[in-house]
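Novice: Residue numbers (UniProt numbering): 1 to 316.
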Amino acid sequence: MLDTAIIGGGVCGLSLSRSLSAVGADYQLFEARDRLGGRVLSVPAGPTRVDLGPTWFWPVTQPLMSRLVDELELASFAQHDDGPIMVLSHPNKTPERYRGDTGLHGGGLRLVGGMGSLVDALAGAVPRERVHLGHVLEAVELDDAKVLLRFARGDGGLTVEARRVVLALPPRLLAENVRFTPELPAPLRQAMTATPTWMAAQAKAVLTYRQPSWREDGLSGNAFVTHGQAVFGEIFDASDPLHGLSALGAFLALPAGARARFAAELGDLLSRAPAPLALTTIQLLAQLKTPEALAALEAGFASPHVEVRISALAEL
Numbered sequence: 001m002l003d004t005a006i007i008g009g010g011v012c013g014l015s016l017s018r019s020l021s022a023v024g025a026d027y028q029l030f031e032a033r034d035r036l037g038g039r040v041l042s043v044p045a046g047p048t049r050v051d052l053g054p055t056w057f058w059p060v061t062q063p064l065m066s067r068l069v070d071e072l073e074l075a076s077f078a079q080h081d082d083g084p085i086m087v088l089s090h091p092n093k094t095p096e097r098y099r100g101d102t103g104l105h106g107g108g109l110r111l112v113g114g115m116g117s118l119v120d121a122l123a124g125a126v127p128r129e130r131v132h133l134g135h136v137l138e139a140v141e142l143d144d145a146k147v148l149l150r151f152a153r154g155d156g157g158l159t160v161e162a163r164r165v166v167l168a169l170p171p172r173l174l175a176e177n178v179r180f181t182p183e184l185p186a187p188l189r190q191a192m193t194a195t196p197t198w199m200a201a202q203a204k205a206v207l208t209y210r211q212p213s214w215r216e217d218g219l220s221g222n223a224f225v226t227h228g229q230a231v232f233g234e235i236f237d238a239s240d241p242l243h244g245l246s247a248l249g250a251f252l253a254l255p256a257g258a259r260a261r262f263a264a265e266l267g268d269l270l271s272r273a274p275a276p277l278a279l280t281t282i283q284l285l286a287q288l289k290t291p292e293a294l295a296a297l298e299a300g301f302a303s304p305h306v307e308v309r310i311s312a313l314a315e316l
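Have a look at this one:
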């Protein structure tokens, strides 16, 4: 019987696996996807990678994350926020400029090579034979002194016995997709279902440019589009100057149901943009979210990434 089963191969599950490996503990890690990282997703872009999932970390408010980055000796750099913030409130009007001295991203840092560098470093400390991809947890059954875990996988089902289980998954996904025996107490299940998964309803696109013209014009790259026809609602500088990558990242303003339909058209639309927006290469990296994310939208869990009161910004 297995001593510890870890469910979920995101940063939490990988970090725990690394710690258990360091002390020689008996454990196995099970991940539903065919890759590690969970919501962290860094994809190739020129000489480096860009993030479609988590992008920043904040040393002051996230000391555990900061310590992990230091322990793994990962290189980081500050998010570029210098310069005015642009706000477009009407599709036929000129964007307004607001002073960029508000520290929009609050001193956030990014990892060289994207957040995938963190996943790679953690995974490198976990023996490959302890990692099982493509294992979808369907049921958790408490049986006296052990826990039975029932998985679905490509070649059929699998049952694993463990003395203890760590569920490194969002509470809402567990409540809605995993069968518990005995059943969870109603108040606990309701609390799990009502717990939003941070950023679950969001999707990103990253566009690579020939030059960071916005920086050359003294702009921060930060912008908000607030009118009803917006495709991108929030834009930020996604450049990696250490690798010579010029890029803008954006959170899609489109409703979840429209993203898949629009994705096929977005590349062609951007390629026909006016000269100031012409791209050397267009990398449509919009992360079309899973059914779980669509459900999060329907449940009213959608929220902007950075909560900024535009009226509080000082207009130039």
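All C-beta atoms, glycine included, are put in the ideal place defined by N, C-alpha and C. Computed from a predicted structure; not experimentally measured.
Exposed or buried, which one is THR290 when buried takes at least 16 other CB atoms within 10 Å?
Specialist: Reliability of the predicted coordinates at THR290 is poor, the pLDDT of 43 falling under 50, and no value is obtained from them.
Novice: Return helix, strand or coil for PRO54, following the three-state DSSP convention.
Specialist: coil
Novice: Any chance you could list the alpha helix (DSSP H) runs of at least 4 consecutive residues sitting entirely within the UniProt domain "Amine oxidase" (105-238), in chain order?
Specialist: Every alpha helix (DSSP H) stretch that sits fully inside the UniProt domain "Amine oxidase" (105-238) and reaches 4 residues is listed by chain position as 116-124, 171-177, 186-193 and 213-216.
Novice: Here's a check: name, in chain order, each residue in its chain whose Cβ is nearer than 7 Å to the Cβ of LEU20, leaving out the five neighbours to either side.
Specialist: THR4 and TYR27
Novice: Going by beta-carbon coordinates alone, are GLY249 and ASP240 separated by less than 9 Å?
Specialist: no
Novice: Would you kindly check if the distance between the Cβ of LEU52 and the Cβ of ALA123 is under 9 Å?
Specialist: no
Novice: Can PHE232 and MET86 be called in contact, C-beta distance under 9 Å?
Specialist: no
Novice: Can you say whether TRP56 is buried or exposed, counting buried as having 16 or more other CB atoms within 10 angstroms of its CB?
Specialist: Flag for TRP56 reads buried.
Novice: Taking LEU36 and VAL166 to be in contact with their CB atoms under 8 Å, please state how far apart those CB atoms are, rounded to whole angstroms.
Specialist: The pair is not a contact, with the Cβ atoms about 16 Å apart (cut-off 8 Å).
Novice: Taking the continuous alpha helix (DSSP H) assigned at ASP70, which residues delimit it?
Specialist: 63-71
Novice: Could you tell me which residues DSSP puts in a beta bridge with LEU88?
Specialist: DSSP links LEU88 through a beta bridge to VAL225.
Novice: List the DSSP bridge partners of LEU252.
Specialist: PHE232
Novice: Flag this pair as touching only if the region 74-94 and the region 125-138 have three or more C-beta atom pairs under 8 Å; answer yes or no.
Specialist: The answer is no - the region 125-138 does not touch the region 74-94, with fewer than three Cβ pairs under 8 Å.
Novice: Buried or exposed, going by whether 16 or more other CB atoms sit within 10 Å of the CB of GLY244?
Specialist: exposed
Novice: Please state the DSSP three-state secondary structure of VAL43.
Specialist: strand
Novice: Could you check which residue in VAL50, ASP155 and VAL69 has the C-alpha nearest to that of residue 335?
Specialist: Given that the chain is displayed from residue 1 to residue 316, the structure contains no residue 335 and the question cannot be resolved.
Novice: Between LEU169 and ILE6, which are expected to be in contact by the criterion C-beta below 8 Å, what is the C-beta distance as a whole number of angstroms?
Specialist: With a Cβ gap of about 10 Å, LEU169 and ILE6 do not count as contacting.
Novice: For ALA32, is the classification buried or exposed, using 16 other Cβ atoms within 10 angstroms of its Cβ as the cut-off for buried?
Specialist: It is buried - the Cβ of ALA32 has at least 16 other Cβ atoms within 10 Å.
Novice: Determine the direct distance from the alpha carbon of GLY221 to that of PRO97, and round the result to whole angstroms.
Specialist: Sequence check: residue 97 is Arg here, not Pro. Distance between the alpha carbons of ARG97 and GLY221: 11 Å.
Novice: Decide yes or no for the touch test of the region 141-148 against the region 102-111: beta carbon pairs closer than 8 Å, at least 3 of them.
Specialist: no
Novice: How is ALA22 classed by DSSP in three states: helix, strand or coil?
Specialist: helix
Novice: If distances are taken between C-alpha atoms only, which option among ALA253, ALA205 and ARG215 comes closest to GLY228?
Specialist: ALA253
Novice: My assumption, with CB atoms under 8 Å, is that PHE77 sits in contact with LEU242. Please give the rounded CB distance.
Specialist: Their Cβ separation, rounded to whole angstroms, is 7 Å, which keeps PHE77 and LEU242 in contact under 8 Å.
Novice: Inspect the beta-carbon positions of GLY83 and ARG215 and report whether they are closer than 9 Å.
Specialist: yes
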